[in-house]
Amino acid sequence: MKRFVVFIALAALAAPASAATQAEAEVALAAAKQAEAEAAKYDNRWVPAEAALKAAETAVAQQAWDTAVAEANKARAMGLRAVEQSKEQETAWHDAVIR
Amino acid sequence: MSHRRTVRWLVVLAVCLFGGAASPPDSSTPAADQKAFQDYFRSRFPGVPFADFANGPYAVDAAMRKQWEEIMQFPPYDFALDEGKTAFAVKFANGKSYADCFANGGIGVRQNYPYFDTKTGDVVTLDLAINRCREANGEKPLKYGTGMMASLTAYMAETSRGKSFDIKIPDDPRAREAYEAGKQFFYTRRGQLNFSCASCHVTAAGQRMRGDILAPAIGILAAFPIYRSDWGSMGTIDRRFTTCSAQMRSVPLPPQDVAYRNLEYFLSYMGNGVPISGPGTRP
Amino acid sequence: MQFGSADYSPNATTRRATLRLLALLGIAGTAGTARADAAPGWPEEAFHQKTEADAVKTLYGKPFEASDKVTLDAPEIAENGAVVPISVSTELPGVTTISILVPENPFTLAASYKFAEGTLPSIGCRLKMAKTSNVVAIVESEGKLYAASKEVKVTLGGCGG
Amino acid sequence: MPSTIRVRAQAGDTVTEVQALIQHPMDSGFVKDSNGVLIPPHHIETVTFEHNGKIILTADWGPAVSKDPYIKFSFKGGAKGDALTVTWVDNLGKTDMLEAKLA
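Residue numbers (our numbering), protein chains in the order written: chain A, 2 to 100; chain B, 46 to 328; chain C, 9 to 169; chain D, -3 to 99.
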């Protein structure tokens, strides 16, 4: 549950900034890609994060900067959350082992 | 549960002692893991004969079992099985065949897969062995997951029915590493839904997830490849792993990714003693 | 990851088989007409009805009554709505047809079987169910219709196994 | 190409039990593909079973019959070696036939 609250809060932060510029969209997209690349190192890219990243790329191609920023921020937020989850799991998984 | 709390404290202690390294080695051995794993499912499902874990959800749910028995009167994998049998006998362009690549001509060997190859230093699944065989003989590899790969593994499984999983972990640090990696993958939560393999197939095993009964992890690979009504077609272990990942909202890894192979290695080793029942049918 | 489905290519679209089927269904010589590409004698209209009453009316044109002499075996909870094993049998004499209806499906009539003399009035099959529904078995015995029904629950699948 | 029809027919003392499995997509026309496009209906309409040339069962099927359909029934008489012929035709006019011997 707590995760969802965090996720929703992050998603809210990612609410579209009005009249974003191309530069802002590209910065947001780069940050999202970086977060997803980090998550990939843990074999833990989230399906909706990838979907948002694709949507952001499409929006950039269509020069829809507001949408691009919003989707990229969403992807980045989820990417970071996935990395956080994986780091936590690096030790937490031991807890679940049948002994 | 005080036992659980004790375990947790031990883990915390271990993490402190080992400085919380990326994946601190578990002090237990594969053999001890296996015993604990099997004991867990035996006591969790006391009415289920051990060999019956080869039948996944049908081992633990009587109403589903009845429908399965009806399906098994004429199982829909029959076409794939025949296709696999025929294809298995076909010679490659160089005159050799699959039989030349496997012990005992490939008949009755499913239970020994995956194995750790000390020459290549990696886990070799049956599917990978089939493609390595093809490539060694100048043939193109088959697509993983479904189609002909499912048909061939169906035939090879069928010739191995009743033979118990007999996975070995050779005395090679790389084999042990592969095992540990597979174990970690099994218990690690990932994806947006924050599930691990164990969340469904240990903790919630035998319970309903939406309309389906979750299969116990023990022996869960014995029935593969399977015809799933949900797919309306055959699927291999790769197909199941990738769909499991996607269901956890985690982007699936490529079929036969080293992480999936290690997972299969761990999971099959946990199921040592469960007889091969594949090919199978599942909802 | 996208996995393709099995390749279906009913190969034997042979002229011989087609002609044989046409002959079997008693319409030899009609090959080449507009409907020659569909199964002659297939009760198309009945299969397009959306209610139990309409399907029975279109197929049989007569009423039916419930009977405990019709045995319908179906699961209480379908393990997958795509494949629900159903069987129907009866001890009634002179059975000429057995039909199976799923009123909550888009089209109610699922299957209809015609029995020759000497064929036992018992049938097993696998049906698709879109959602929880009654399954209705209708047996035509000595010209009269008798029915049995049972509810089958269909839940969302796609997880276990 | 292998047949789309699989039959198991065992002649007993008084009755012969027949089971058949047919490889067919049985697309209902109500399901969309991965691109959201409706898959057109493609299903078997009629299956006919003959014993030594005489029709013993006719099955009329709508799109609600499961993919790779299965059917089970029994008939009186029938001896080992008798001919059992199974023929199906679908809504696209495709058809297949199998001649089997009773076991």
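Each residue gets a CB set at the ideal place from its N, CA and C atoms; glycine is no exception. Because the structure is a prediction, the values reported are computed rather than measured.
When the beta-carbon positions are compared, B:P261 and B:H246 come within less than 9 Å of each other. For B:P297, no chain D residue has a C-beta closer than 7 Å to its own C-beta; the minimum C-beta separation is roughly 15 Å. The shortest CA-to-CA distance from C:A156 to any of C:P114, C:N142, C:A138 is the one to C:N142. Closer than 9 Å to the CB of D:K72 there is at least one CB belonging to chain C.
B:T287: member of the alpha helix (DSSP H) spanning 282 to 292, first to last residue. The beta carbon of C:G132 sits closer than 9 Å to some beta carbon of chain B. Under the three-state reduction of DSSP, B:D162 is assigned to strand. Nearest neighbour of B:T288 by Cα position, chosen from B:T248, B:L312, B:C242, turns out to be B:C242. The C-alpha of D:V85 is placed about 12 Å away from the C-alpha of D:T54.
Listed as beta-bridge partners of D:K97 by DSSP are D:A79.
Contact of D:V61 with chain C is assigned, a C-beta pair being separated by under 9 Å.
For D:H39, the closest of D:K50, D:F26, D:E46, D:L94 by C-alpha to C-alpha distance is D:F26.
One Cα belongs to B:A291, the other to A:A93, and the distance between them is close to 22 Å. Put simply, the CB of B:D257 is near chain C, with a gap under 9 Å to one of its CB atoms. By the neighbour-count definition (other C-beta atoms within 10 Å, threshold 16), B:R235 is a buried residue.
Taking the C-beta atoms as reference points, C:S130 is found no nearer than 9 Å to D:S62. Contact of B:T233 with chain A by beta-carbon distance below 7 Å involves Q90, W94. Listed as beta-bridge partners of C:S107 by DSSP are C:S120, C:I146. DSSP, reduced to helix, strand and coil, places B:S244 within a helical segment of the structure shown. In chain C, no part has a C-beta under 8 Å from the C-beta of D:V3; the shortest such distance is about 14 Å. When DSSP reads this structure, B:R235 sits in a beta bridge with B:F240. For the alpha helix (DSSP H) assignment, the stretch 36 to 68 of chain D encloses no uninterrupted run of at least 4 residues.
Chain order gives no chain C residues near D:I35, where near means a beta carbon separation below 9 Å; the closest approach is about 10 Å.
Among the residues facing chain B, D:A55 is not included, as its CB has no counterpart in that chain under 9 Å away. At a C-beta separation below 7 Å, D:V82 has no neighbours in chain C, since its nearest C-beta there lies roughly 11 Å away. Under the Cβ distance rule, A:N74 does not count among the residues neighbouring chain B, no pair being separated by less than 9 Å. Sorting D:D9, D:V11, D:A16, D:I51 by C-alpha distance to the C-alpha of C:T104 places D:I51 at the top. Distances from the CA of B:R155 to each of B:R89, B:N139, B:T326, B:A199 were compared; the closest alpha carbon is that of B:A199. Residues of the stretch 117 to 149 of chain B that bring their beta carbon within less than 9 Å of a beta carbon in chain D comprise Q118, F119, P120, P121, D123, F124, D127, E128, T131, in sequence order.
Within the stretch 81 to 92 of chain C, those residues whose Cβ lies closer than 7 Å to any Cβ of chain B are, in chain order, P83, E84, I85, E87, N88, A90, V91. For the stretch 87 to 142 of chain B, the full-length alpha helix (DSSP H) segments reaching 4 residues or more read 107 to 117, 123 to 134 along the chain. Note on B:I175: 16 or more other CB atoms within 10 angstroms of its CB, so buried under the neighbour-count rule. Residue contact check for D:L17 against chain B: a CB pair falls below 9 Å. Within 7 Å of the CB of B:G277, the CB atoms of chain D belong to K63, in sequence order along the chain.
Taking 8 Å as the cut-off between beta carbons, the residues of the stretch 97 to 121 of chain C near chain D are V110, N113, P114, F115, L117, A118, A119, S120, Y121, in sequence order. Contact residues of the stretch 91 to 109 of chain B toward chain C are G101, P102, A108, M109 (C-beta to C-beta distance below 8 Å).
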